[in-house]
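One line per chain: the protein sequences are A and B, in this order.
Mapping the first sequence onto full-length UniProt numbering, position 143 (from 1) lands on 143, and the numbers just tick up by one.
Mapping the second sequence onto full-length UniProt numbering, position 30 (from 1) lands on 30, and the numbers just tick up by one.
A virtual CB, placed ideally from N, CA and C, is assigned to each residue, including glycine.
Owing to the predicted nature of the structure, the values given are computational and were not obtained by experimental measurement.
Before any comments, here is the structure.
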Amino acid sequence: MAAVAVHQFAQCITCHAWSPDQSMVAFCPNNNEVHIYKLMQDKWEKVHVLQKHDQLVSGIDWSGTSNRIVSVSHDRNSYVWNQEGPEWVPTLVILRLNRAALCVQWSPKENKFAVGSGAKNVCICYYEGENNWWVSKVIRKKHNSSVTGVAWHPNNILLATTSTDGKCRVFSTFIKGVDARESKTGSSSDPKFGEQIVQLDLSSSWAFGVKWSPSGNTLAYVGHNSMIYFVDDVGPSPLAQNVAFRYLPLRDVLFVSEKMVIGVGYDCNPMVFAMDKSGLWSFIRFLGERKESSSGPKSGSQFSEAFGKFYGQSRQGLSSDTVEPSKIQGAAHDNCINCIELLKQQGSKTKRFSTSGMDGKVVIWDLENQQDLREYL
Amino acid sequence: MSTTKQTIRNSNANEHKVKEFPKLVEYCLVDQVWSDGIAMRKKAKNDTLPANLKPVEPGSEEDILTRIENKSGKIEGLIKEFKPFEALKIALEDSPPQDERCKSANWTVVHKALMAIKDVEGMLLSLDPKYYDVLMKYLYRGLSTGDPATCYRCLKIHEKLTEKAGFGCIIRSLADTVNTV
């Protein structure tokens with residue numbers, strides 16, 4: 001079984017993040033607080049409750065080296081929490097938004113973070129040492145609708161965003177004084193802050209969950225039309241692949257390696273996508289256990305009753321007697337998974353990740369025993 | 001399920017390997033093809049095409065209407081020869097047209113072919129997976145007519161198509177507001 005641990009923390013979790021040593025997890029239990037739980041002798045204990053936001057906390061990120069938590073909320077604010085002794089001390093970051101903040105991510109060097117918002121813009125915040133506060137610069141152009149996902153390129157300058165207008169865009173977030181100018185990329189064509197490098201119009205429906213591959217060469221994002229898009233060589237002439245799959249749409253993706261992507265979404269089960277030797281991405285299988293369908297819709301969980309009624313017209317003789325129980329037995333999650341996070345570990349190969357969903361569970365997955373996926377790691 | 005993997009590798013793909021940051025560039029995919037979950041690799045174009053996802057229609061509406069009429073003739077012929085599967089394939093060729101009149105004309109043609117299908121399983125086996133999404137859209141259009149015979153036929157095909165193509169196919173037919181039928 002790929003799922004090694006299942007923890008029920010709350011009724012519903014909007015987002016979660018792990019501490020640098022993976023001993024603590026911070027999440028929002030669908031209210032205005034951030035709960036931090038610590039694993040103490042096989043039991044999870046609530047150690048902190050961060051209460052500063054007025055509305056739903058929609059995004060949390062915990063920086064790996066500097067041990068800071070950033071949280072953004074529907075109340076249009078964001079706080080950076082620093083641990084001083086036993087307490088977490090918040091610092092307000094003024095984002096100047098007039099709509100909810102939807103997602104947040106620390107940059108790889110952790111000197112900046114990006115916030116996507118419903119105000120059709122992205123705020124890049126960085127720390128100004130002289131005034132001892134966080135300044136935000138806003139990318140106001142280009143987005144036609146809410147920004148649902150942000151992802152930093154490993155070079156700390158490029159930022160990819162997905163939006164509900166169906167497009168994925170890559171911007172430069174070069175800030176003088178914060179980012180060092182790289183002489184090898186050619187100083188004459190240094191990108192300005194907020195300049196759009198590429199706009200990918202591959203999806204006709206909402207786009208979510210953008211991520212860069214570990215090397216920064218490939219970009220992956222999902223559309224709400226049950227498709228996942230892989231883009232190579234992001235730049236003047238990208239190569240795009242659309243992969244349509246048979247199941248319900250995804251909400252988030254994660255690059256486990258250069259050649260393997262895990263997608264999570266409304267099917268409550270992580271899906272594995274991998275790239276073969278010729279460079280073609282395709283769906284391999286589900287990660288968790290799933291009841292095998294003998295005849296498609298009938299064995300799906302909550303759909304069987306509905307389908308029974310739907311097709312009842314055309315099957316006067318047959319009674320829809322196979323009403324399956326409402327849970328997919330064996331699956332780790334009962335409801336939509338909307339967040340997937342990488343779990344760092346010693347050793348070079350990444351094999352563990354965690355997912356959290358609307359069922360309030362955080363599930364830890366390990367790819368160690370999945371023999372057929374070894375070649376892609 | 002047999003699948004065909006095709007790789008379209010553009011020979012110019014390696015031209016622009018220099019990592020320079022260009023000025024504003026826009027991309028859109030000219031065509032998307034679905035082959036049983038395995039993607040066809042397409043290179044996004046560099047010129048600014050309008051942001052829609054279907055090939056630009058060559059010719060005017062009149063040309064398209066004439067083509068649809070030709071299709072209609074061919075299909076009637078094939079139906080008389082008891083070859084409904086080919087009839088449906090020809091009906092579904094060419095992505096749905098943009099213009100309302102062309103859409104209605106195309107729907108009439110597809111409807112004729114659909115009503116002639118008796119063996120649904122066989123039809124789906126012989127149908128190229130790239131037509132699944134378009135077929136699903138036409139099924140919903142059929143279901144919306146309310147005509148008992150059409151609805152009955154469409155419902156039967158819908159059940160089998162969902163078994164074959166999964167919920168993703170239904171989602172795509174709902175989510176695609178650009179290429180409606």
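Element boundaries [alpha helix (DSSP H), containing residue i]
{"i": "K112 of chain B", "result": "100-115"}
{"i": "V120 of chain B", "result": "120-126"}
Residue burial classification, residue i (beta-carbon count within 10 angstroms, cutoff 16)
{"i": "M260 of chain A", "result": "buried"}
{"i": "E159 of chain B", "result": "buried"}
{"i": "T65 of chain A", "result": "exposed"}
{"i": "M271 of chain A", "result": "buried"}
{"i": "K71 of chain B", "result": "buried"}
{"i": "D47 of chain B", "result": "Residue placement at D47 of chain B is flagged as unreliable, the pLDDT there being 36, under the threshold of 50; a coordinate-derived value is accordingly withheld."}
{"i": "L125 of chain B", "result": "exposed"}
{"i": "P249 of chain A", "result": "buried"}
{"i": "K211 of chain A", "result": "buried"}
{"i": "P55 of chain B", "result": "Note that P55 of chain B scores a pLDDT of 49, beneath 50, so its modelled location is shaky and nothing firm can be said."}
{"i": "F82 of chain B", "result": "exposed"}
{"i": "R246 of chain A", "result": "buried"}
{"i": "N144 of chain A", "result": "exposed"}
{"i": "K112 of chain A", "result": "buried"}
{"i": "G186 of chain A", "result": "Low local confidence applies: a pLDDT of 45 at G186 of chain A is under 50, so the model's placement there is unreliable, with the coordinate-based value given in what follows. That one is exposed."}
Endpoints, the beta strand (DSSP E) within which residue i is located
{"i": "K361 of chain A", "result": "361-366"}
{"i": "Y37 of chain A", "result": "33-40"}
{"i": "E110 of chain A", "result": "No beta strand (DSSP E) holds E110 of chain A; DSSP gives it neither H nor E."}
{"i": "V181 of chain B", "result": "Note, V181 of chain B: premise wrong, no beta strand (DSSP E); not H, not E."}
{"i": "F353 of chain A", "result": "352-357"}
{"i": "T148 of chain A", "result": "147-152"}
{"i": "H178 of chain A", "result": "Checking the displayed sequence, the identity of residue 178 of chain A turns out to be Val instead of His. No beta strand (DSSP E) holds V178 of chain A; DSSP gives it neither H nor E."}
{"i": "K137 of chain A", "result": "133-139"}
{"i": "L343 of chain A", "result": "337-343"}
{"i": "I130 of chain B", "result": "For clarity, residue 130 of chain B is Lys in the given sequence; the question names Ile instead. No beta strand (DSSP E) contains K130 of chain B, which DSSP labels as neither H nor E."}
{"i": "K211 of chain A", "result": "207-212"}
{"i": "A26 of chain A", "result": "24-27"}
Three-way DSSP call (helix, strand, coil) for residue i in this model
{"i": "M260 of chain A", "result": "strand"}
{"i": "I197 of chain A", "result": "strand"}
{"i": "F82 of chain B", "result": "coil"}
{"i": "Q83 of chain A", "result": "strand"}
{"i": "E128 of chain A", "result": "strand"}
{"i": "K137 of chain B", "result": "helix"}
{"i": "A3 of chain A", "result": "strand"}
{"i": "P90 of chain A", "result": "strand"}
{"i": "Q371 of chain A", "result": "helix"}
{"i": "A175 of chain B", "result": "helix"}
{"i": "C151 of chain B", "result": "helix"}
{"i": "C169 of chain B", "result": "helix"}
{"i": "E289 of chain A", "result": "coil"}
{"i": "L93 of chain B", "result": "According to the sequence as given, residue 93 of chain B is Glu; it is not Leu. The answer is coil: DSSP assigns E93 of chain B none of H, G, I, E or B."}
{"i": "S71 of chain A", "result": "strand"}
{"i": "N242 of chain A", "result": "strand"}
{"i": "G77 of chain B", "result": "helix"}
{"i": "F9 of chain A", "result": "coil"}
{"i": "I157 of chain A", "result": "coil"}
{"i": "H48 of chain A", "result": "strand"}
{"i": "Y311 of chain A", "result": "helix"}
{"i": "Y247 of chain A", "result": "coil"}
{"i": "Y266 of chain A", "result": "coil"}
{"i": "D232 of chain A", "result": "strand"}
{"i": "T66 of chain B", "result": "helix"}
{"i": "W18 of chain A", "result": "strand"}
{"i": "L219 of chain A", "result": "strand"}
{"i": "T65 of chain A", "result": "coil"}
{"i": "T164 of chain A", "result": "coil"}
Given residue i as reference, the closest of the options once Cα atoms are compared
{"i": "Q8 of chain A", "options": "A:Y37, A:V115, A:D75", "result": "A:Y37"}
{"i": "D276 of chain A", "options": "A:R374, A:N144, A:I340, A:D366", "result": "A:R374"}
{"i": "L56 of chain A", "options": "A:V256, A:R99, A:V170, A:W18", "result": "A:R99"}
{"i": "Y229 of chain A", "options": "A:A331, A:Q105, A:L280", "result": "A:L280"}
{"i": "M24 of chain A", "options": "A:V6, A:C15, A:W44", "result": "A:W44"}
{"i": "Y311 of chain A", "options": "B:P84, B:D176, B:A113, B:T162", "result": "B:T162"}
{"i": "S215 of chain A", "options": "A:D232, A:D21, A:R76", "result": "A:D232"}
{"i": "C268 of chain A", "options": "A:I197, A:S73, A:G360", "result": "A:G360"}
{"i": "W81 of chain A", "options": "A:T173, A:S107, A:C103, A:V49", "result": "A:V49"}
{"i": "T177 of chain B", "options": "A:L158, A:N225, A:S213, A:A220", "result": "A:N225"}
{"i": "H111 of chain B", "options": "B:L174, B:F85, B:K130", "result": "B:F85"}
CB contact check: residue i to chain E, cutoff 8 Å
{"i": "N225 of chain A", "result": "In the structure shown, chain E does not exist; the protein chains are A and B."}
Residue i CB to nearest heavy atom of the ligand GTP below 7 Å
{"i": "R169 of chain A", "result": "The ligand GTP is absent from the structure shown, which contains no ligand whatsoever."}
Does the pairing of the region 87-102 of chain A with the region 127-143 of chain A give three or more beta-carbon distances under 8 Å?
In short, these stretches touch, since the Cβ pair count reaches three.
Practice problem: Could you say if the region 164-180 of chain A and the region 238-255 of chain A meet the contact criterion of at least three C-beta pairs nearer than 8 Å? | Solution: Counting C-beta pairs with one atom in each stretch, the region 164-180 of chain A and the region 238-255 of chain A have fewer than three that are closer than 8 Å, which means they do not touch.
Q. Are the region 141-156 of chain B and the region 194-209 of chain A touching by the rule of at least three beta carbon pairs closer than 8 Å?
A. Taking a cut-off of 8 Å for Cβ pairs, the region 141-156 of chain B and the region 194-209 of chain A do not touch, as fewer than three such pairs fall below it.
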